[in-house]
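Numbering (our numbering) for the sequence shown: 30 to 327.
Shown next, in C-alpha coordinates, is the structure this report addresses.
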Amino acid sequence: MRHPIFICIVLLNLSACVSTKVFNDLESRYAQMKSERNALQNSQDSLQQSWDQLDGKWKEATSYLKRSRDSVKNAIDAIKILKDEFALLKENSELKIQERIAENNALLKEIAIKETELQTRSERVNQLEKMIDDQKQALTELKERLSDALLNFEGKGLTVEQRNGKVYISMENKLLFQSGKWDVEAQGKQALSQLAKVLEENPDIAILIEGHTDNVPYTSRGTMKSNWDLSTKRATAVVEILLENDQILPQNLTAAGRSEYVPIAPNSSSDGRAANRRIEVVLSPSLDEITALLEANN
30 MRHPIFICIV
40 LLNLSACVST
50 KVFNDLESRY
60 AQMKSERNAL
70 QNSQDSLQQS
80 WDQLDGKWKE
90 ATSYLKRSRD
100 SVKNAIDAIK
110 ILKDEFALLK
120 ENSELKIQER
130 IAENNALLKE
140 IAIKETELQT
150 RSERVNQLEK
160 MIDDQKQALT
170 ELKERLSDAL
180 LNFEGKGLTV
190 EQRNGKVYIS
200 MENKLLFQSG
210 KWDVEAQGKQ
220 ALSQLAKVLE
230 ENPDIAILIE
240 GHTDNVPYTS
250 RGTMKSNWDL
260 STKRATAVVE
270 ILLENDQILP
280 QNLTAAGRSE
290 YVPIAPNSSS
300 DGRAANRRIE
310 VVLSPSLDEI
320 TALLEANN
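In C-alpha coordinates, the structure reads:
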(Lines of atoms letter the chains of each structure in order from A; the text may use other names.)
(Lines give C-alpha, C1' and ligand atoms only; values in the text may rest on other atoms or scores of the structure.)
Protein backbone atom coordinates (compact mmCIF):
# COMPACT_ATOMS: atom_id res chain seq x y z
CA MET A 30 0.00 0.00 0.00
CA ARG A 31 2.97 2.33 0.50
CA HIS A 32 3.89 2.33 -3.19
CA PRO A 33 0.57 3.69 -4.49
CA ILE A 34 0.55 6.39 -1.81
CA PHE A 35 4.06 7.39 -2.69
CA ILE A 36 3.22 7.49 -6.34
CA CYS A 37 0.18 9.65 -5.60
CA ILE A 38 2.30 12.09 -3.62
CA VAL A 39 4.82 12.22 -6.40
CA LEU A 40 2.09 12.80 -8.92
CA LEU A 41 0.57 15.53 -6.77
CA ASN A 42 3.96 17.18 -6.47
CA LEU A 43 4.63 16.81 -10.10
CA SER A 44 1.21 17.95 -11.11
CA ALA A 45 2.19 21.34 -10.21
CA CYS A 46 5.29 21.13 -12.31
CA VAL A 47 4.28 19.06 -15.30
CA SER A 48 1.74 19.46 -17.89
CA THR A 49 -1.58 17.65 -18.15
CA LYS A 50 -0.25 15.54 -20.97
CA VAL A 51 2.59 14.26 -18.95
CA PHE A 52 0.27 13.62 -16.04
CA ASN A 53 -2.08 11.65 -18.17
CA ASP A 54 0.77 9.72 -19.58
CA LEU A 55 2.04 8.88 -16.15
CA GLU A 56 -1.42 7.96 -14.97
CA SER A 57 -1.85 5.67 -17.95
CA ARG A 58 1.49 4.04 -17.27
CA TYR A 59 0.50 3.62 -13.63
CA ALA A 60 -2.73 1.94 -14.56
CA GLN A 61 -0.88 -0.36 -16.90
CA MET A 62 1.68 -1.24 -14.27
CA LYS A 63 -1.10 -1.86 -11.77
CA SER A 64 -2.79 -4.13 -14.23
CA GLU A 65 0.49 -5.95 -14.87
CA ARG A 66 1.04 -6.18 -11.13
CA ASN A 67 -2.38 -7.70 -10.65
CA ALA A 68 -1.71 -10.12 -13.50
CA LEU A 69 1.60 -11.08 -11.91
CA GLN A 70 -0.12 -11.48 -8.55
CA ASN A 71 -2.73 -13.77 -10.13
CA SER A 72 -0.02 -15.64 -11.95
CA GLN A 73 1.88 -15.98 -8.68
CA ASP A 74 -1.25 -17.31 -6.94
CA SER A 75 -1.84 -19.76 -9.80
CA LEU A 76 1.80 -20.85 -9.68
CA GLN A 77 1.57 -21.25 -5.91
CA GLN A 78 -1.56 -23.35 -6.29
CA SER A 79 0.12 -25.44 -8.98
CA TRP A 80 3.15 -25.75 -6.74
CA ASP A 81 1.02 -26.87 -3.82
CA GLN A 82 -0.70 -29.45 -6.04
CA LEU A 83 2.62 -30.67 -7.42
CA ASP A 84 4.12 -30.77 -3.95
CA GLY A 85 1.16 -32.78 -2.69
CA LYS A 86 1.45 -35.18 -5.60
CA TRP A 87 5.19 -35.39 -5.04
CA LYS A 88 4.72 -36.21 -1.40
CA GLU A 89 2.02 -38.73 -2.31
CA ALA A 90 4.28 -40.26 -5.01
CA THR A 91 7.19 -40.35 -2.56
CA SER A 92 5.03 -42.07 0.05
CA TYR A 93 3.69 -44.51 -2.51
CA LEU A 94 7.23 -45.16 -3.74
CA LYS A 95 8.37 -45.83 -0.18
CA ARG A 96 5.48 -48.19 0.40
CA SER A 97 6.18 -49.87 -2.92
CA ARG A 98 9.84 -50.27 -2.02
CA ASP A 99 8.88 -51.73 1.35
CA SER A 100 6.37 -54.04 -0.33
CA VAL A 101 8.94 -55.12 -2.91
CA LYS A 102 11.51 -55.72 -0.17
CA ASN A 103 9.00 -57.76 1.82
CA ALA A 104 8.10 -59.70 -1.32
CA ILE A 105 11.77 -60.34 -2.06
CA ASP A 106 12.31 -61.52 1.50
CA ALA A 107 9.22 -63.76 1.27
CA ILE A 108 10.42 -65.15 -2.05
CA LYS A 109 13.81 -65.89 -0.51
CA ILE A 110 12.15 -67.71 2.37
CA LEU A 111 9.97 -69.63 -0.07
CA LYS A 112 13.03 -70.54 -2.14
CA ASP A 113 14.83 -71.78 0.98
CA GLU A 114 11.77 -73.75 2.07
CA PHE A 115 11.33 -75.15 -1.42
CA ALA A 116 14.97 -76.20 -1.57
CA LEU A 117 14.65 -77.91 1.82
CA LEU A 118 11.35 -79.50 0.80
CA LYS A 119 12.89 -80.68 -2.46
CA GLU A 120 15.85 -82.13 -0.62
CA ASN A 121 13.58 -83.87 1.88
CA SER A 122 11.23 -85.02 -0.87
CA GLU A 123 14.07 -86.52 -2.85
CA LEU A 124 15.31 -88.23 0.29
CA LYS A 125 11.83 -89.52 1.04
CA ILE A 126 11.43 -90.66 -2.55
CA GLN A 127 14.71 -92.55 -2.36
CA GLU A 128 13.64 -94.10 0.94
CA ARG A 129 10.29 -95.07 -0.55
CA ILE A 130 12.01 -96.54 -3.59
CA ALA A 131 14.33 -98.53 -1.33
CA GLU A 132 11.38 -99.72 0.77
CA ASN A 133 9.41 -100.65 -2.35
CA ASN A 134 12.38 -102.52 -3.79
CA ALA A 135 12.83 -104.38 -0.50
CA LEU A 136 9.11 -105.15 -0.45
CA LEU A 137 9.18 -106.36 -4.04
CA LYS A 138 12.16 -108.55 -3.23
CA GLU A 139 10.36 -109.96 -0.21
CA ILE A 140 7.23 -110.56 -2.28
CA ALA A 141 9.31 -112.36 -4.90
CA ILE A 142 10.86 -114.53 -2.19
CA LYS A 143 7.42 -115.23 -0.71
CA GLU A 144 6.05 -116.08 -4.14
CA THR A 145 8.95 -118.47 -4.69
CA GLU A 146 8.38 -120.02 -1.27
CA LEU A 147 4.65 -120.22 -1.94
CA GLN A 148 5.27 -121.85 -5.29
CA THR A 149 7.64 -124.33 -3.66
CA ARG A 150 5.15 -125.03 -0.88
CA SER A 151 2.36 -125.40 -3.42
CA GLU A 152 4.45 -127.90 -5.35
CA ARG A 153 5.19 -129.77 -2.12
CA VAL A 154 1.52 -129.73 -1.14
CA ASN A 155 0.63 -131.13 -4.55
CA GLN A 156 3.34 -133.72 -4.12
CA LEU A 157 2.06 -134.51 -0.61
CA GLU A 158 -1.52 -134.82 -1.84
CA LYS A 159 -0.37 -137.15 -4.61
CA MET A 160 1.57 -139.25 -2.11
CA ILE A 161 -1.47 -139.45 0.17
CA ASP A 162 -3.74 -140.32 -2.74
CA ASP A 163 -1.23 -142.95 -3.87
CA GLN A 164 -1.18 -144.38 -0.35
CA LYS A 165 -4.98 -144.44 -0.19
CA GLN A 166 -5.05 -146.20 -3.52
CA ALA A 167 -2.37 -148.64 -2.37
CA LEU A 168 -4.30 -149.32 0.85
CA THR A 169 -7.49 -149.90 -1.10
CA GLU A 170 -5.70 -152.34 -3.36
CA LEU A 171 -4.10 -154.00 -0.32
CA LYS A 172 -7.48 -154.32 1.39
CA GLU A 173 -8.97 -155.90 -1.75
CA ARG A 174 -5.98 -158.23 -2.08
CA LEU A 175 -6.34 -159.30 1.56
CA SER A 176 -10.08 -159.79 1.22
CA ASP A 177 -9.50 -162.06 -1.76
CA ALA A 178 -6.70 -163.97 -0.04
CA LEU A 179 -8.67 -164.46 3.19
CA LEU A 180 -12.04 -164.99 1.57
CA ASN A 181 -12.27 -168.58 2.81
CA PHE A 182 -11.98 -167.42 6.41
CA GLU A 183 -14.61 -164.70 6.35
CA GLY A 184 -17.60 -165.80 8.35
CA LYS A 185 -15.25 -167.70 10.66
CA GLY A 186 -14.41 -164.78 12.86
CA LEU A 187 -12.21 -162.87 10.33
CA THR A 188 -12.99 -159.43 8.91
CA VAL A 189 -11.02 -156.98 6.77
CA GLU A 190 -11.75 -153.24 6.99
CA GLN A 191 -10.17 -150.03 5.79
CA ARG A 192 -10.50 -146.92 7.99
CA ASN A 193 -8.43 -143.97 9.24
CA GLY A 194 -5.83 -144.52 6.55
CA LYS A 195 -5.12 -148.08 7.73
CA VAL A 196 -6.25 -151.64 7.01
CA TYR A 197 -7.56 -153.64 9.97
CA ILE A 198 -7.68 -157.46 9.93
CA SER A 199 -9.60 -158.74 12.94
CA MET A 200 -9.47 -162.44 13.84
CA GLU A 201 -11.52 -163.80 16.72
CA ASN A 202 -9.74 -166.15 19.08
CA LYS A 203 -11.95 -169.06 18.02
CA LEU A 204 -10.08 -168.98 14.69
CA LEU A 205 -6.64 -168.94 16.30
CA PHE A 206 -6.54 -170.19 19.88
CA GLN A 207 -8.20 -172.49 22.34
CA SER A 208 -9.59 -170.88 25.48
CA GLY A 209 -6.83 -169.64 27.75
CA LYS A 210 -4.11 -170.79 25.30
CA TRP A 211 -1.72 -168.90 23.04
CA ASP A 212 -0.63 -171.66 20.66
CA VAL A 213 -2.04 -170.95 17.18
CA GLU A 214 -4.39 -173.66 15.90
CA ALA A 215 -4.05 -175.24 12.45
CA GLN A 216 -6.88 -173.24 10.86
CA GLY A 217 -5.42 -170.05 12.30
CA LYS A 218 -2.01 -170.92 10.86
CA GLN A 219 -3.58 -171.30 7.42
CA ALA A 220 -5.19 -167.86 7.70
CA LEU A 221 -1.90 -166.31 8.87
CA SER A 222 -0.02 -168.06 6.06
CA GLN A 223 -2.37 -166.52 3.50
CA LEU A 224 -1.97 -163.15 5.22
CA ALA A 225 1.83 -163.49 5.09
CA LYS A 226 1.76 -164.08 1.32
CA VAL A 227 0.05 -160.73 0.81
CA LEU A 228 2.28 -158.94 3.32
CA GLU A 229 5.47 -160.12 1.63
CA GLU A 230 4.36 -158.21 -1.46
CA ASN A 231 4.21 -154.97 0.58
CA PRO A 232 7.58 -154.52 2.31
CA ASP A 233 6.84 -150.84 3.11
CA ILE A 234 3.83 -151.66 5.27
CA ALA A 235 4.16 -151.42 9.06
CA ILE A 236 2.46 -154.39 10.76
CA LEU A 237 1.09 -154.02 14.29
CA ILE A 238 -0.22 -157.20 15.98
CA GLU A 239 -2.56 -156.43 18.88
CA GLY A 240 -3.85 -159.04 21.30
CA HIS A 241 -7.20 -158.35 23.01
CA THR A 242 -9.14 -160.21 25.70
CA ASP A 243 -12.53 -159.93 27.37
CA ASN A 244 -12.87 -158.72 30.95
CA VAL A 245 -12.96 -162.18 32.53
CA PRO A 246 -9.84 -162.48 34.74
CA TYR A 247 -7.26 -165.04 33.66
CA THR A 248 -7.25 -167.84 36.28
CA SER A 249 -4.95 -170.51 34.89
CA ARG A 250 -1.94 -171.41 36.95
CA GLY A 251 1.64 -171.05 35.80
CA THR A 252 3.74 -168.11 34.67
CA MET A 253 0.77 -166.38 33.04
CA LYS A 254 -0.62 -163.94 35.59
CA SER A 255 -3.25 -161.79 33.84
CA ASN A 256 -5.06 -160.87 30.66
CA TRP A 257 -2.14 -158.52 29.95
CA ASP A 258 0.19 -161.49 29.80
CA LEU A 259 -2.26 -163.54 27.75
CA SER A 260 -2.94 -160.78 25.17
CA THR A 261 0.78 -160.08 24.76
CA LYS A 262 1.65 -163.78 24.48
CA ARG A 263 -1.00 -164.31 21.77
CA ALA A 264 0.23 -161.27 19.79
CA THR A 265 3.78 -162.59 19.98
CA ALA A 266 2.63 -166.05 18.81
CA VAL A 267 1.06 -164.46 15.71
CA VAL A 268 4.29 -162.57 15.00
CA GLU A 269 6.27 -165.81 15.15
CA ILE A 270 3.90 -167.47 12.68
CA LEU A 271 4.19 -164.55 10.24
CA LEU A 272 7.99 -164.61 10.50
CA GLU A 273 7.99 -168.18 9.23
CA ASN A 274 7.68 -166.41 5.86
CA ASP A 275 11.26 -165.22 5.39
CA GLN A 276 10.11 -162.50 2.92
CA ILE A 277 8.54 -160.53 5.75
CA LEU A 278 10.91 -158.03 7.37
CA PRO A 279 11.04 -158.43 11.17
CA GLN A 280 11.60 -154.68 11.60
CA ASN A 281 8.14 -154.09 10.16
CA LEU A 282 6.46 -156.13 12.91
CA THR A 283 5.30 -154.97 16.36
CA ALA A 284 3.55 -157.14 18.96
CA ALA A 285 1.34 -155.45 21.58
CA GLY A 286 -0.93 -156.70 24.32
CA ARG A 287 -4.02 -154.54 24.96
CA SER A 288 -5.66 -156.83 27.53
CA GLU A 289 -9.39 -156.08 28.06
CA TYR A 290 -9.20 -152.29 27.68
CA VAL A 291 -10.11 -151.81 23.99
CA PRO A 292 -13.38 -153.73 23.65
CA ILE A 293 -15.46 -153.61 20.48
CA ALA A 294 -18.60 -155.07 22.10
CA PRO A 295 -20.16 -155.12 25.56
CA ASN A 296 -18.70 -157.77 27.86
CA SER A 297 -22.13 -158.34 29.37
CA SER A 298 -22.96 -161.15 26.90
CA SER A 299 -21.14 -164.25 25.72
CA ASP A 300 -21.25 -163.01 22.11
CA GLY A 301 -19.78 -159.66 23.13
CA ARG A 302 -17.00 -161.31 25.11
CA ALA A 303 -16.25 -163.61 22.16
CA ALA A 304 -15.97 -160.58 19.83
CA ASN A 305 -13.59 -158.87 22.26
CA ARG A 306 -11.28 -161.91 22.40
CA ARG A 307 -9.41 -161.24 19.19
CA ILE A 308 -6.20 -160.51 17.35
CA GLU A 309 -6.08 -157.35 15.28
CA VAL A 310 -3.49 -156.92 12.56
CA VAL A 311 -3.17 -153.19 11.80
CA LEU A 312 -1.43 -152.37 8.52
CA SER A 313 -0.10 -148.82 8.16
CA PRO A 314 1.69 -147.35 5.15
CA SER A 315 5.17 -145.95 5.68
CA LEU A 316 5.09 -142.26 6.53
CA ASP A 317 8.82 -141.66 6.01
CA GLU A 318 8.45 -139.89 2.67
CA ILE A 319 5.50 -137.82 3.89
CA THR A 320 7.35 -136.91 7.10
CA ALA A 321 10.45 -135.88 5.14
CA LEU A 322 8.32 -133.74 2.87
CA LEU A 323 6.58 -132.07 5.80
CA GLU A 324 9.90 -131.37 7.51
CA ALA A 325 11.19 -129.82 4.29
CA ASN A 326 8.24 -127.39 4.40
CA ASN A 327 9.27 -126.09 7.84
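We treat Cβ as the ideally placed atom computed from N, Cα and C, and that holds for glycine.
Bear in mind the structure is a predicted one, so any value in this text is a computation, not a measurement.
Would you give the residue range spanned by the beta strand (DSSP E) that residue i belongs to?
| i | result |
| --- | --- |
| Thr-188 | 187 to 192 |
| Thr-283 | 282 to 288 |
| Leu-237 | 234 to 241 |
I need the boundaries of the alpha helix (DSSP H) containing residue i, first residue and last residue.
| i | result |
| --- | --- |
| Glu-309 | It is not in any alpha helix (DSSP H) - Glu-309 instead sits in the beta strand (DSSP E) that spans 307 to 314. |
| Leu-179 | No alpha helix (DSSP H) contains Leu-179, which DSSP labels as neither H nor E. |
| Thr-221 | The displayed chain sequence assigns Leu, not Thr, to residue 221. Counting along the chain, the alpha helix (DSSP H) containing Leu-221 begins and ends at 215 to 228. |
| Leu-271 | 256 to 271 |
In three-state DSSP terms, what is residue i?
| i | result |
| --- | --- |
| Met-200 | strand |
| Lys-195 | strand |
| Lys-210 | coil |
| Asp-275 | coil |
| Asn-296 | coil |
| Tyr-93 | helix |
| Met-253 | coil |
Is residue j closer than 8 Å to residue i when the C-beta atoms are compared?
| i | j | result |
| --- | --- | --- |
| Pro-314 | Ala-135 | no |
| Leu-282 | Val-291 | no |
| Glu-229 | Asn-274 | yes |
| Ile-238 | Ala-285 | yes |
| Phe-182 | Ala-220 | yes |
| Leu-175 | Val-227 | yes |
| Arg-306 | Glu-201 | yes |
| Leu-312 | Val-196 | yes |
| Val-189 | Leu-205 | no |
| Ala-264 | Gly-240 | yes |
Restricting to Cα atoms, I'd like to know which of the options is closest to residue i.
| i | options | result |
| --- | --- | --- |
| Thr-242 | Lys-262, Leu-228 and Thr-252 | Lys-262 |
| Leu-187 | Lys-195, Gln-223 and Gln-164 | Gln-223 |
| Ala-235 | Val-101, Ser-255, Pro-279 and Ser-72 | Pro-279 |
| Leu-171 | Thr-149, Val-154 and Gly-194 | Gly-194 |
| Ile-369 | Asn-296, Gly-240, Pro-232 and Arg-287 | A question about residue 369 goes unanswered here, because the residues of the chain that appear run from 30 up to 327. |
| Ser-208 | Pro-246, Ser-199 and Tyr-197 | Pro-246 |
| Trp-257 | Arg-287, Ala-266 and Asn-244 | Arg-287 |
Tell me the rounded alpha-carbon separation between residue i and residue j.
| i | j | result |
| --- | --- | --- |
| Ile-293 | Lys-210 | 21 Å |
| Val-310 | Lys-159 | 26 Å |
| Lys-203 | Gly-184 | 12 Å |
| Gln-61 | Asn-67 | 10 Å |
| Ser-92 | Lys-63 | 42 Å |
| Asp-163 | Ile-308 | 28 Å |
| Glu-289 | Ile-161 | 33 Å |
| Ser-75 | Leu-83 | 12 Å |
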